[in-house]
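Here is the structure we will look at, set down as C-alpha cells.
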Amino acid sequence: MTRLERVKALIEEKFNGSQADFSRAIGKAPAQVNQWLNGYRNIGDAAALNIEKSLGLPQGYLDGTGEKYQPASTGKPIESNATAFAAVETWQDGTPLNDAECEVPFLKEVRLAAGSGSFEASDFNGYKLRFHKSTLRRKGINPKDVVCVSADGNSMEPVFPDGATLGVDTSQKHIKDGKIYAINHDGWLRTKILYRLPGNRIRIHSYNEDEHPDEEVDASDIQIIGRVFWWSVLD
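Using our numbering, the final residue of the sequence shown is 267, and nothing's skipped along the way.
Next comes the structure, spelled out in C-alpha cells:
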C-alpha cells in the first residue's frame, strides 16, 4: 500500500470516514487533507511523521513498516531494540587517542544551511570530534574523508534540527536517490535529500516540505561536498 492508501484506510477505520475529524486529530487544515486525498499534493516525510505521531502509530507505518498501533502498557519492562552506533566516552582536550579511536575536524564556524541560510567558510579552527575506527569501518568510511559541521535552519526538521552536528563523508559524491548530501548550491552550503531526474536534473527535497518546497536544478548548478552519514542532536 502507498502512503495515500494507508491514510485513506486510517480515515475509514479510525474516523468512520470523516476527513474533518482526521484533520483535527493531526492538526492540519481540512483543505490540505483534501489535497492529499485527491492526489493534488503528496504526503511528504514531515507530514507522514506528524500523522504517525498524532495517531499513536510507529514511525514508518505509512511506509509499510511497524505494527499499526502501539500496544497498551502491560507493566512489563520495555526491552531496548536499539543498537549503539558507537560507544560514548568522556574525554578532555589533550587526552591521548587510544588505538581504537580517530579524530576528525569539526568546523564549528562553517554552518550548513538546512534552510535559507548563507554560506560562510573559514579555515579549520582546531576543533575535533572523536569516532571509534570500527564504527567508521563498518560503514566503509575512511576517517580521512570525514568532516563534521553544524546544521543551520529548520528545513530538515524533524529529522535533525538547527544546530545538529553532522558527519559528512566527502568521498561519497555520487548521488543515491533519497540520501542526504551536503552541497554547495550557488554559494550556499546546504544539507538536502537529493534525487536524480532525467535531463541531468536534480530534485532537492527537504523533510520540512511545508515550509521548504522541492526545487529542481541542473546538475551543473550544485557541487556535491559529500554524503551526510551521521548526525547528533541534543534536545
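Ideal Cβ placement from N, Cα and C applies to all residues, glycine included.
task = Take every Cβ of the region 34–45, pair it with every Cβ of the region 66–79, and state whether three or more of those distances are shorter than 8 Å.
result = Flag = yes, the region 34–45 and the region 66–79 touch.
key: Inter-stretch contact at 8 Å, needing at least 3 Cβ pairs: the region 197–215 / the region 254–264   = Yes: the two stretches touch, three or more of their Cβ pairs being nearer than 8 Å.
query = Mind checking whether Ala-251 and Asn-232 have CB atoms under 9 Å apart?
reply = Yes, they are a contact pair.
query = In whole angstroms, what separates the C-alpha of Thr-22 from that of Gly-210?
reply = Lying before the first or after the last residue shown, residue 22 is absent from the chain, which here runs from 33 to 267.
task = With a threshold of 16 other CB atoms inside 10 Å of the CB of Gly-49, please say whether the residue is buried or exposed.
result = By the neighbour-count rule (16 or more Cβ atoms within 10 Å), Gly-49 is not buried but exposed.
task = Answer with buried or exposed for Lys-224, where buried requires no fewer than 16 other C-beta atoms within 10 angstroms of its C-beta.
result = Lys-224 counts as buried, since at least 16 other C-beta atoms from the protein chains shown sit within 10 angstroms of its C-beta.
ask   = Sorted by chain position, which residues of the same chain lie with C-beta nearer than 6 Å to Glu-247's C-beta, five sequence neighbours on each side aside?
value = Excluding its 5 nearest sequence neighbours in each direction, Glu-247 has C-beta neighbours in its own chain below 6 Å: Ile-236, listed in chain order.
query = Which residue from Phe-192, Pro-193, Asp-131 puts its Cα closest to that of Ser-166?
reply = Closest in alpha carbon position to Ser-166, among Phe-192, Pro-193, Asp-131, is Asp-131.
key: Alpha-carbon to alpha-carbon, Ala-79 and Asn-174   = The alpha-carbon atoms of Asn-174 and Ala-79 are separated by roughly 35 Å.
request  = Starting from Gln-64, follow the alpha helix (DSSP H) in both directions and report where the run begins and ends.
outcome  = Looking at the DSSP string, the run of the alpha helix (DSSP H) that includes Gln-64 is 62–69.
ask   = How long is the line joining the alpha carbons of Val-59 and Gly-76, rounded to whole angstroms?
value = Here residue 59 turns out to be Gly, not Val, going by the sequence shown. Distance from the CA atom of Gly-59 to the CA atom of Gly-76, rounded to whole angstroms, is 15 Å.
ask   = Alpha carbon to alpha carbon, what distance is there between Lys-171 and Phe-192?
value = Cα to Cα, Phe-192 sits roughly 20 Å from Lys-171.
inquiry  = Give me the DSSP bridge partner(s) of Ala-214.
reply    = Note: Ala-214 sits in a beta bridge opposite Thr-223, Gly-258.
ask   = Based on Cα-Cα distance, which residue from Tyr-93, Pro-137, Arg-162, Arg-222 lies nearest to Asp-194?
value = Nearest to Asp-194 by alpha-carbon distance, out of Tyr-93, Pro-137, Arg-162, Arg-222, is Arg-222.
message = Between the alpha carbons of Pro-245 and Pro-128, how many angstroms are there, rounded?
response = Roughly 46 Å separates the two Cα atoms.
inquiry  = Suppose the cutoff is 7 Å on Cβ atoms and the five residues either side in sequence are ignored; what does the same chain contact list for Met-188 look like?
reply    = Taken in chain order, the residues that qualify are Ala-146, Thr-223, Ser-238, Tyr-239, Asn-240.
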